[in-house]
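Take any residue in the sequence shown, note its place counting from 1, add 36, and you have its number in our numbering. In this text, a Cβ means the ideal position worked out from N, Cα and C, and glycines have one as well. Bear in mind that the values here come from a model prediction, so they are computed numbers and not experimental data.
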Amino acid sequence: MRTILVTGGAGFIGANFVRMVLDEQPGTRVVNLDKLTYAGNLENLTGYTDTPDHIFVKGDIADAELVSTLIDEHKINAIINFAAESHVDRSLVEPGVFIQTNVQGTLTLLKLALEKKIERFLQVSTDEVYGSLGDDGLFTETTPLSPNSPYSASKAAADMLVAAFGHSFGLKYNITRCSNNYGPYQFPEKMLPLMIHNAKNDKELPVYGDGLYVRDWLFVYDHCTAIWKVLTEAEPGTVYNVGGNNEKTNMAVIGAILERLDKPESLIRHVKDRPGHDRRYAIDSSKIMSELGWAPTVTFEEGILKTIDWYLSNSDWLDHIVSGQYQQYYDSMYTNR
Ligand code: NAD
Ligand code: TYD
């Protein structure tokens, strides 16, 4: 029996990962440490909490005493660090909490991973650490880090700390850098679920600037399989980019949502752009594909329909979120924009 500490496992990608592991990896026990910030939601784990193979603990990754106890008590073999403040727009308003969780929290985990001789530390990172691309080219694992937002700067700092712990102290680590994920359980501050929710309710769709910003979209399940492969098959001290080879402009993604929901383009409203908005992200995933045999299984055309249908048939999940503090957030971010 292997026991892994998954941090941030009540968030979007973490919860999808926990579900995948419990469904597909018998013999693996998950200790799930999550602070349950606004983005953490136990409803993301419905049906998966009452099992001996999943222990949920509410707490902070920066709480060294708690993390130390969990590692000892559960004999943790590996740590997969999903926990983070993850939204660029929030990082522009309140960067301090991004440094606290994404940098200080990661440092706490690293120190304990070293002290307790954890077999593998996997840092879940993002392509945003590489900065922005022009019309051509792809990020590779050797592209220099050049983050542009407080969010991506905090993730780059964490990546560098992870690698420094490997270099200086011999920590066995991996870093995965993935492009934009989409799929079930994504908090509706992110573009895709926000637009689905608004379109469904005939509300305006707030497109930043000209809407011709490009992201490489990957279905969340495919990200989870990549992380599992890296955790179980990669050499220590390696970095892997993970992408969907699915470059789309925001307008193209929004067009697909409107078409599926049979809503008019007149819902689109171009609003004030995000400061420092990265123009284009695109990932070269050839390293993970050739070295570990990973490949995405869901095309964008399938994934977007699956995702929209999931939000439509899980309206309770969405309603519980938008009936809380969400409206306050939405008003502060979008009123008079
Ligand atoms: P999310 O915001 O949906 O979830 C983050 C989770 O972390 C939440 O459950 C939250 O409660 C928890 N958390 C926050 N601070 C914590 C703390 N101090 N201690 C313990 N738990 C804490 O984020 P997500 O989209 O699921 O992203 C997960 C990871 O993947 C992040 O590290 C993010 O940088 C990375 N990533 C995300 C994307 C994407 O498209 N969403 C792409 C590439 C990489
Ligand atoms: P987002 O989901 O916040 O991911 P990221 O900024 O980390 O890539 O945004 C995806 C794209 O959508 C990005 O170019 C910003 C844009 N966007 C809008 O146009 N309107 C919105 O309301 C949001 C949240 C994002």
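Check whether D99 and N184 have beta carbons under 8 Å apart:
Indexing the sequence shown from 1 puts residue 99 at position 63. Indexing the sequence shown from 1 puts residue 184 at position 148. Cβ atoms of D99 and N184: not closer than 8 Å.
Hey, would you say the C-beta of S104 is under 7 Å away from at least one heavy atom of the ligand NAD?
Numbered from 1 along the sequence shown, position 68 holds the residue referred to as residue 104. The ligand NAD has no heavy atom closer than 7 Å to the beta-carbon of S104.
If you draw a straight line from the C-alpha of G173 to the C-alpha of A318, how long is it?
If you number the sequence shown from 1, residue 173 lands on position 137. If you number the sequence shown from 1, residue 318 lands on position 282. Approximately 8 Å, taken between the alpha carbons.
Is I324 near the ligand MN - that is, is its Cβ less than 7 Å away from at least one heavy atom of it?
Within the structure as shown, the ligand MN is missing, the only ligands being the ligand NAD and the ligand TYD.
For the ligand NAD, any of its heavy atoms closer than 7 Å to the Cβ of L69?
For this step, residue 69 is matched to residue 33 along the sequence shown. At least one heavy atom of the ligand NAD is nearer than 7 Å to the Cβ of L69, so yes.
Under 7 Å from any heavy atom of the ligand TYD, does the C-beta of D195 make it?
Mapped onto the sequence shown, residue 195 falls at position 159. No, the Cβ of D195 stays beyond 7 Å of every heavy atom of the ligand TYD.
Inter-residue spacing [alpha-carbon to alpha-carbon] between V129 and T179:
To locate residue 129, count along the sequence shown from 1; it is residue 93. To locate residue 179, count along the sequence shown from 1; it is residue 143. Spanning the two alpha carbons is a distance of roughly 28 Å.
Buried versus exposed, by CB contacts within 10 Å (16 or more), Q361
By one-based count along the sequence shown, residue 361 stands at place 325. It is exposed - the Cβ of Q361 has fewer than 16 other Cβ atoms within 10 Å.
Spatial neighbours of V307 within its chain, please: C-beta separation below 6 Å, excluding the five flanking residues on both sides.
By one-based count along the sequence shown, residue 307 stands at place 271. The answer, listed in chain order, is P242 and R373.
State yes or no: is the C-beta of V256 within less than 8 Å of the C-beta of N217?
Stepping through the sequence shown from its first residue, residue 256 is reached at position 220. Stepping through the sequence shown from its first residue, residue 217 is reached at position 181. Cβ atoms of V256 and N217: closer than 8 Å.
Given 7 Å as the limit, tell me if D108 has its C-beta closer than that to any heavy atom belonging to the ligand NAD.
Start at 1 with the first residue of the sequence shown, and residue 108 comes out as number 72. Answer for D108: no, Cβ out of range of the ligand NAD.
Using the beta-carbon count (16 or more within 10 Å), is S302 buried or exposed?
Counting from 1 along the sequence shown, the entry for residue 302 is found at position 266. So S302 ends up on the exposed side.
Taking 6 Å as the limit between beta carbons, can you name the residues of its chain near K226, skipping five residues before and five after?
The sequence position of residue 226 within the sequence shown is 190, counting from 1. Here the set comprises nothing.
Taking the alpha carbon of L106 as the reference point, which residue from T87, Y276, A149 and H356 has its own alpha carbon closest?
Indexing the sequence shown from 1 puts residue 106 at position 70. Per the Cα distances, A149.
Assess contact between the region 206 to 214 and the region 340 to 360, defined as three or more Cβ pairs (one per stretch) separated by less than 8 Å. Is contact present?
Contact between the region 206 to 214 and the region 340 to 360 is absent: fewer than three C-beta pairs spanning the two stretches fall below 8 Å.
Quick check on DSSP: helix, strand or coil for W330?
In the sequence shown, the residue the question calls residue 330 occupies position 294. In this structure, W330 counts as coil in the three-state DSSP scheme.
Cβ neighbour criterion (16 or more within 10 Å) applied to P272
The residue given as residue 272 occupies position 236 in the sequence shown. Residue burial annotation: P272 is exposed, with fewer than 16 other C-beta atoms found within 10 angstroms of its C-beta.
Cα-Cα separation between A288 and V67, rounded to whole angstroms:
If you number the sequence shown from 1, residue 288 lands on position 252. If you number the sequence shown from 1, residue 67 lands on position 31. About 39 Å.
Helix, strand or coil for A120 per DSSP?
In the sequence shown, the residue the question calls residue 120 occupies position 84. It is coil, neither helix nor strand.
Starting from I290, follow its DSSP beta bridges and name the residues at the other end.
Taking the first residue of the sequence shown as 1, we reach residue 290 at position 254. Beta-bridge pairing links I290 to no other residue.
Would A46 and L81 qualify as a contact pair, given that the criterion is a beta-carbon distance under 8 Å?
Taking the first residue of the sequence shown as 1, we reach residue 46 at position 10. Taking the first residue of the sequence shown as 1, we reach residue 81 at position 45. Less than 8 Å divides the Cβ of A46 from the Cβ of L81.
Which one or two residues does DSSP pair with A193 in a beta bridge?
As a working mapping, residue 193 is identified with position 157 in the sequence shown. The partner list for A193 (beta bridge, DSSP) is empty, contrary to what the question assumes.
Given the structure, does D314 come close to the ligand NAD, in the sense that its CB is under 7 Å from one of the ligand's heavy atoms?
As a first step, residue 314 is located in the sequence shown; it is residue number 278 there, counting from the start. Because no heavy atom of the ligand NAD lies under 7 Å away, the Cβ of D314 does not count as near it: no.
Just reading off the alpha helix (DSSP H) that T144 is part of, what are its end residues?
Numbered from 1 along the sequence shown, position 108 holds the residue referred to as residue 144. T142 to E151 is the extent of the alpha helix (DSSP H) around T144.
Assumed close pair I115, F157 - CB separation to whole angstroms, cut-off 8 Å:
For the purposes of this step, residue 115 is taken as residue 79 along the sequence shown, with counting starting at 1. For the purposes of this step, residue 157 is taken as residue 121 along the sequence shown, with counting starting at 1. I115 to F157, Cβ: 5 Å. Contact.
Sorry if obvious, but does the Cβ on G50 come closer than 7 Å to a heavy atom of the ligand NAD?
The residue labelled residue 50 in the question sits at position 14 within the sequence shown. Relative to the non-hydrogen atoms of the ligand NAD, the Cβ of G50 comes within a distance shorter than 7 Å of at least one.
Mind pulling the beta strand (DSSP E) runs of 3 or more residues that sit fully within the region 224 to 282?
Entirely contained in the region 224 to 282, the beta strand (DSSP E) runs reaching 3 residues are, in chain order, 241 to 244, 250 to 255 and 274 to 278.
Tell me, to the nearest whole angstrom, how far the beta carbon of F336 is from that of K284; I am working on the premise that it is less than 8 Å.
Position 300 of the sequence shown, counted from the first residue, corresponds to residue 336. Position 248 of the sequence shown, counted from the first residue, corresponds to residue 284. Right, their Cβ atoms sit about 7 Å apart.
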